[in-house]
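Beneath this line is the structure, given in structure tokens, with notes to follow.
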Amino acid sequence: MKNIAVFASGRGSNFQAINKHIKSGDIPARVVCVISDKANPPVFDKAQHDNISTHYINRKQFKKEQEYADFLLRILQKYNTDLIVLAGYLKLIPAEIVRKFRHAILNIHPALLPKFGGKGYYGSRVHEAVLKADDKESGATVHFVDEIYDNGLIIKQDKVPVKPDDTPHTLADRVLKVEHRIFPEVVKAFCEDRIQIKNNGVEIKDE
Ligand code: GAR
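If you're matching positions, the sequence shown starts at 3 in the working numbering and goes up one per residue.
Here it is, written out as structure tokens:
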């Protein structure tokens, strides 16, 4: 049974998608806490509804980066965290935490990385950029987190078509359905120790 700390900034639909699979027993894990850089995001209501502890932690509450990293680390250790899941979390994770949780932090991104990733590419901005580039397909990516935004090893991707009459909103809805499918699949694989890193690539066993 793995202990998962979820970091989220907003609505929390990916948190809910994963937690649904945990509650049904499909993923052998528990969500030990939800951490946000926002004071009262909708994801907190969803977590509290399931009696999951919530923590508002913002870099601005600390004078130094080190104090911020230490505080986060203490919380993660307090819950014996095995896996960090970034579910719509828009801030960079401190490098020290990335080092301590190497290949144990997962992020979902609403595009086919390495395209349309990096600082500033989040939420509807990603879909606006895809439409502007006139790409014929988009999708979602689950990847390991490293020290650089949207840069870590890709674990799983799936595609959706971009339709001629799409708006950022309609495209986001289509991509979100893929997110809600592939993110729980990858979290499940992690919790069942089925993710293997080989020659700088990632393989999911028994899939
Ligand atoms: C999701 O679409 C996720 O891919 C995106 O934020 C949304 C959060 O939705 N993340 C990023 O853009 C990260 N760069 P949710 O709060 O309903 O899960």
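No residue lacks a Cβ here, since even glycine has one placed at the ideal position from N, Cα and C.
Please say whether residue j and residue i have beta carbons closer to each other than 7 Å?
i	j	result
I54	V87	no
A89	N5	no
I110	E205	no
V147	G154	yes
H92	S38	Note on identity: in this sequence residue 92 is Leu, with His being the wrong assignment. Taking 7 Å as the Cβ cut-off, L92 and S38 do not qualify as a contacting pair.
C193	P43	no
V100	E149	yes
D160	I197	no
E130	P163	no
A7	T56	no
Please determine whether the Cβ atom of residue i lies at a distance below 6 Å from any heavy atom of the ligand GAR.
i	result
P112	yes
Y70	no
Q16	A small correction: the amino acid at residue 16 is Asn; Gln does not occupy that position in the sequence shown. Checking every heavy atom of the ligand GAR against the Cβ of N16, one is found closer than 6 Å.
A89	yes
G125	yes
R13	yes
Under a Cβ-count criterion, where at least 16 other Cβ atoms within 10 Å of its own Cβ denotes burial, should residue i be classed as buried or exposed?
i	result
D175	exposed
D152	buried
K165	exposed
I157	buried
K48	buried
A19	buried
G27	exposed
P112	buried
S126	exposed
P186	buried
G14	buried
How about residue i: is its C-beta nearer than 7 Å to some C-beta of chain D?
i	result
L94	Going by chain labels, chain D is absent from the structure shown, which holds only one protein chain.
What is the DSSP secondary structure of residue i, reduced to helix, strand or coil?
i	result
E139	strand
N21	helix
I110	strand
R32	strand
S38	strand
K66	coil
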